[in-house]
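For the sequence shown, position 41 matches number 41 in full-length UniProt numbering, and the numbering has no gaps at all.
To keep things clear, I will list the structure first and then write my remarks on it.
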Amino acid sequence: MSFGGFDDHQKPSPMAEINVTPMVDVMLVLLVIFILAAPLFTHAIRLELPSAASAPAPTDTSTVTLSIDASGNLFWNGEMVTREALEHHFAEAAQQQPQPQLQLRADKDTRYDLLAQLMSSAQGKGLTRLGFVTEQPTGNK
């Protein structure tokens, strides 16, 4: 008994398999259509939002700037100060009403431990509003 060969004494039978390639193609096209159309459905809700009758909250523009260069020199609103004078400035700013925001402008090469010490000192004197000033990155990098 032979398992394969070149005998041609049997009749070829009809192929009983279904070709699924066209069905897979149609399903992939439908999937792509649904993926592209799904975000459109989430933005289709029309809402009429209520309006507020109150005036907008006043913006507080009182800020003080503490600049630190790469070598650790301190500048309070553009004037060079010592560490002792800076403690005095922190205490004065904390007593103002409303309290100004302390904006820290540090050189990118400034040591982090110096920044941490200055922030701790400012909070110890009562300043609670601290912020960092950064530059917008340019698209050249």
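The C-beta atom is built at its ideal place from N, Cα and C for all residues, glycine as well.
Could you tell me which residues DSSP puts in a beta bridge with Ala106?
Ile68
Using DSSP bridges, identify the partner residues of Phe132.
Leu104
Between Thr110 and the rest of its own chain, which residues show a CB-CB distance below 8 Å, the 5 nearest in sequence each way excluded?
Around Thr110: Ile68, Asp69, Ala70, Gly72.
Going by DSSP, what residue range makes up the beta strand (DSSP E) through Glu79?
79-81
Can you say whether Phe132 is buried or exposed, counting buried as having 16 or more other CB atoms within 10 angstroms of its CB?
exposed
Based on Cα-Cα distance, which residue from Gly126, Ala116, Leu118 lies nearest to Ser94?
One detail in the question is off: residue 94 reads as Ala in this sequence, not Ser. It is Gly126.
Can you give me the C-alpha to C-alpha distance between Val81 and Leu66, rounded to a whole angstrom?
10 Å
Locate the beta strand (DSSP E) running through Ala74, then write down its first and last residues.
Here residue 74 turns out to be Leu, not Ala, going by the sequence shown. Start and end: 74-76.
Comparing C-alpha positions only, which one of Leu31, Phe75, Asn19 sits nearest to Asp107?
Phe75
If we call anything under 8 Å between Cβ atoms a contact, is Thr63 one with Gln99?
Taking 8 Å as the Cβ cut-off, Thr63 and Gln99 do not qualify as a contacting pair.
With burial defined as no fewer than 16 other Cβ atoms inside 10 Å of the residue's Cβ, what is the status of Phe34: buried or exposed?
exposed
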